[in-house]
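Using this note's numbering, you'd call the opening residue of the sequence shown number 1 and step up by one each time. Data block below; observations after.
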Amino acid sequence: SAYFLAAKGDRAWKNKRMVKALRDTRSLQVMEVLLGDEHTFDCWVSYQLPNGKVTAIKPKLVAWIDARSRMVLGDIICRDANAQILKQSLIKVLYGTPGGMPKYLNIDNGKDYTSRELTGVKRYPTREETERYAGFEPWSKSEIERLFKTVCDGFSRWFKSYTGTLTGSRTSAKIDKDIKRMLEQGKLLTMEEFYEKWSHYLHNVYAVKVHRGLKNQGETYCTPQE
């Protein structure tokens, strides 16, 4: 394993040799653990800046996923995620349908999640201090990372402005497109139009489709919405 790591690098070692365990989420209650993260869509949209100028951007998704049901909650699409956006997404979780009060929030130590805006205290540099003062726990988030892969395969790649996944390790994963020309010709969706299509996908495709992870664990209800 050590030789493989030295020869092939960290990414290959994690994919091929790192010891992994399958998390059984059936012991959790719905809304007991929410996993939060940010995702950059692998396609482009038209975005109007405050000064009126129109430019092309890759929109970002801020969302939470319920670890038991895999239901996506508090989804917000924006240009750049920050502490204010995260607060808005949490408010959407608390008062949305479906939604409610989670017991634990599962995050990483990114500055947006550990900012004073969310925790009420000055950001602490260590994991232990973040957990102790903020009540957040930076655990492994395989479920939400798998969600982003599903979103890429089932949603992002079907847009004409799709240019390949950001996380693709091969050059062949990139697609060369003249995004500037598409913007000038009015062929890019606006942020509002993009969000409408995302909302339709989330509630009418993802939420009602049989989830392989739920099915493999022998769940009685195998779609996130159920």
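Backbone N, C-alpha and C define an ideal beta-carbon position, used for all residues, glycine too. Predicted model, so just to flag it, every value in this text is computed and none were measured.
In angstroms, rounded to a whole number, what distance separates the CA positions of residue i and residue j?
i, j, result
"E137", "G186", "Because the pLDDT at E137 is just 48, under 50, the model does not fix this residue reliably, and the point stays unresolved."
"R212", "P50", "42 Å"
"N82", "T40", "14 Å"
"G96", "R146", "23 Å"
"I91", "D37", "15 Å"
"L35", "S142", "9 Å"
"G52", "I144", "35 Å"
"K174", "Y3", "30 Å"
"M191", "D80", "13 Å"
"W13", "A7", "9 Å"
"V30", "M101", "10 Å"
Find the nearest neighbour of residue i within the set the options, judged by alpha-carbon distance.
i, options, result
"S69", "E184, L94, S27 and F155", "S27"
"N204", "K103, L5 and E226", "E226"
"I65", "Q48, V45 and S89", "S89"
"E184", "I144, E193, D24 and S46", "S46"
"A56", "A67, N106, M182 and L5", "M182"
"V19", "K160, Q29 and L5", "L5"
"T223", "Q217, N216 and V210", "V210"
Going by the beta-carbon positions, is the gap between residue i and residue j smaller than 7 Å?
i, j, result
"A63", "V72", "yes"
"F155", "Y201", "yes"
"T163", "K180", "no"
"I85", "P59", "no"
"R11", "S1", "no"
"F159", "C43", "yes"
Terminal residues of the continuous beta strand (DSSP E) containing residue i?
i, result
"G9", "Here G9 belongs to no beta strand (DSSP E), and DSSP marks it neither H nor E."
"G100", "Segment: none, G100 is in no beta strand (DSSP E) and carries neither H nor E."
"T40", "V33 to T40"
Apart from the five residues just before and just after residue i, which ones in its own chain have a Cβ nearer than 6 Å to its Cβ?
i, result
"G99", "L73 and V93"
"E32", "K103"
"R157", "none"
Tell me which residue opens and which closes the alpha helix (DSSP H) that residue i is part of.
i, result
"S46", "Careful: S46 lies outside any alpha helix (DSSP H), inside the beta strand (DSSP E) at V45 to Q48."
"W158", "First-last for W158: undefined, no H or E at that position."
"E196", "M191 to Y201"
"C222", "Per DSSP, C222 belongs to no alpha helix (DSSP H) and is neither H nor E."
"K174", "No alpha helix (DSSP H) holds K174; DSSP gives it neither H nor E."
Quick one: what's got a C-beta closer than 8 Å to residue i's C-beta in the same chain, skipping five residues either side?
i, result
"W198", "L61, D75, I77 and F155"
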